[in-house]
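Enquirer:
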Amino acid sequence: MGAAVRMSTLRSAEMMFVGDLILGADEVRGHFGDTGDTLRGADVAVGHVEWPHTRRGQVSSADLPAPAAPPDNLAVLGDVGITVATLAANHIFDQGQNGVEDTVSTLRELGIATTGAGSHSAAAREAATVERAGLSIGLLSYNAVGPRESWATPSKAGAAYVRIHAHYDVEMASPGSPPTEFTAIDAETLSAMCADIRELKERVDVVAVSLHKGLVFERARLAQYERPLAYAAIDAGADVVIGHHAHILRGVEVYKGRPIFHGVNHFVTAYPDSANPQSSASRARTRPTRSPILSLVDPDRDVQNFPFSRDARQTMIATVEVDASGVARAGFVPCWIDENARTHVAHGERGAQIVQYVRDITTEAGLAADIEWDGARAAFFTR
29 MGAAVRMSTL RSAEMMFVGD LILGADEVRG HFGDTGDTLR GADVAVGHVE WPHTRRGQVS
89 SADLPAPAAP PDNLAVLGDV GITVATLAAN HIFDQGQNGV EDTVSTLREL GIATTGAGSH
149 SAAAREAATV ERAGLSIGLL SYNAVGPRES WATPSKAGAA YVRIHAHYDV EMASPGSPPT
209 EFTAIDAETL SAMCADIREL KERVDVVAVS LHKGLVFERA RLAQYERPLA YAAIDAGADV
269 VIGHHAHILR GVEVYKGRPI FHGVNHFVTA YPDSANPQSS ASRARTRPTR SPILSLVDPD
329 RDVQNFPFSR DARQTMIATV EVDASGVARA GFVPCWIDEN ARTHVAHGER GAQIVQYVRD
389 ITTEAGLAAD IEWDGARAAF FTR
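According to this note's numbering, the residues represented by the sequence shown are 29 to 411, in order.
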């Protein structure tokens, strides 16, 4: 009876999703460029907050820890239209328990719903739920890249997570040769994620799942675990899956009539001054040999405080129209990052180039999607 009552009043709602929001600079509002005009038009706009925001932080990770970002910087999210923040990521515990709790509490004080991190594992796995246009919408967020320090436990703050096992093997008779990597999803944590999704689906009309996943900096390629993880989320009841973490765009596909964005890239990269040796931007530029991962990227030095490649200046706003039956349409608004690290909606030839890039990497990854472009938005799924 409850479901029937909801369906009798349902209309469609537009959801928008953006990837990593790095908000560590003294001034962050300008880094959103003109994108707030688009985001404020959504019924639900979801952004992934990448760094902990606290004044009480203590470095708690050895994995290139993010600095403590100012809590006041989170206010910009409401200004540009963000209504839900996903938090499950590799950096959320970088400033310890206080970093997690202060980030969550500040966002909630601003009226922004959160999911994916909390003061213990049950809080981290709690869904964000919103009501729009007669629809109940639930969101869940999981970290699938580690490190272990980032994971929430029953007695420790951190991120909701799915553990990924990695194995590296030299298959040639040539020790020292580059290994072949194999990745597999941990059965226990996968089961927990799927249980969360099934339980949420019983309470809401639409479920969106955010996954922090993927191979950083590499063009197009998906790790072995990525598609099975996204598929498992959909099999459990998710209506759309949104990926981020790779700091570069990934392809799109449709599985069982539900869209998957394998990687929407970072969206705003407001780093602290790169002249500051403690800033992440400075570390990425001046110490690439300290980390095999950082050695993979050739920073585009035309952009201020931007420790990523030229391709990483292409990003998107994922768009999904939902109704009582799930997702009716899916696509994206192409965006680009200028020389001042400010993000803009891409129009004309620039927009067409980004759409073509997504077509290319979709094909290169072995995915299937027919991406159409009308000059303002791209679309790859209509029910």
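Here a beta-carbon is modelled for each residue, glycine too, at the ideal position from N, C-alpha and C.
1) Who pairs with SER169 in a beta bridge, going by DSSP?
2) Where do the N-terminal and C-terminal ends of the alpha helix (DSSP H) with ILE140 fall, by residue?
3) Looking at the unbroken alpha helix (DSSP H) that takes in ARG387, where does it start and where does it end?
4) Tell me the DSSP bridge mates of PHE289?
5) Which of the three DSSP states is assigned to GLN342 in this structure?
6) Give the single residue among SER183, TYR253, PRO207 whose Cα lies nearest to the Cα of HIS193.
7) Give a yes or no on whether the C-beta atoms belonging to PRO99 and THR134 are separated by under 8 Å.
8) Identify the residues that DSSP records as bridge partners of LYS184: which are they?
9) Between ASP267 and the rest of its own chain, which residues show a CB-CB distance below 6 Å, the 5 nearest in sequence each way excluded?
10) Work out the CA separation of LEU49 and ARG341 for me, nearest whole Å.
11) On the criterion of 16 or more Cβ atoms from any shown chain inside 10 Å, does PHE289 qualify as buried, or is it exposed?
12) Write down every uninterrupted run of the alpha helix (DSSP H) in the stretch 94-145 whose length is 4 residues or greater and which is fully enclosed by it, in chain order.
13) What three-state label does DSSP hand TYR299 in the structure shown?
14) Checking 8 Å against the spacing of the C-beta atoms, do ILE140 and VAL128 come in under that value?
15) Our contact map puts ASP328 next to PHE336 with C-beta atoms below 8 Å; I'd like the distance itself, whole angstroms only.
16) Give the straight-line distance between the Cα atoms of GLY359 and ASP71, rounded to the nearest whole angstrom.
17) Using a Cβ-Cβ cut-off of 8 Å (strictly less than) and excluding sequence neighbours within five positions of VAL112, which residues of its own chain qualify?
18) State the start and end residues of the unbroken alpha helix (DSSP H) segment that holds GLU221.
19) Out of curiosity, what's the CA-to-CA distance linking ALA312 and ASN368?
20) Can we say the stretch 89-96 touches the stretch 161-180, given the rule of at least three CB pairs closer than 8 Å?
21) Consult DSSP for ALA150 and reduce its assignment to one of helix, strand or coil.
22) To the nearest angstrom, how far is the alpha carbon of ALA251 from that of ILE213?
Expert: Let's see:
1) Note: SER169 sits in a beta bridge opposite SER238.
2) Premise fails: ILE140 is in no alpha helix (DSSP H) and is neither H nor E.
3) 376-392
4) ILE270, VAL280
5) strand
6) TYR253
7) yes
8) THR181
9) VAL234, VAL235, ARG286, GLY354, VAL355
10) 14 Å
11) Buried.
12) 103-108, 124-137
13) coil
14) no
15) 7 Å
16) 16 Å
17) If we look at VAL112 and ignore the five residues flanking it on each side, its Cβ neighbours are VAL72, ALA73, VAL74, GLY75, ILE140, ALA141, THR142, THR143, ALA156, VAL158, LEU167.
18) Strictly speaking, residue 221 in this sequence is Met, with Glu absent from that position. Element bounds for MET221: 215-229.
19) Unreliable placement is indicated for ALA312, whose pLDDT of 43 sits below 50; the coordinate value is still reported in the next sentence. Looking at the two C-alpha atoms, the distance is approximately 18 Å.
20) yes
21) helix
22) Their Cα atoms are separated by approximately 11 Å.
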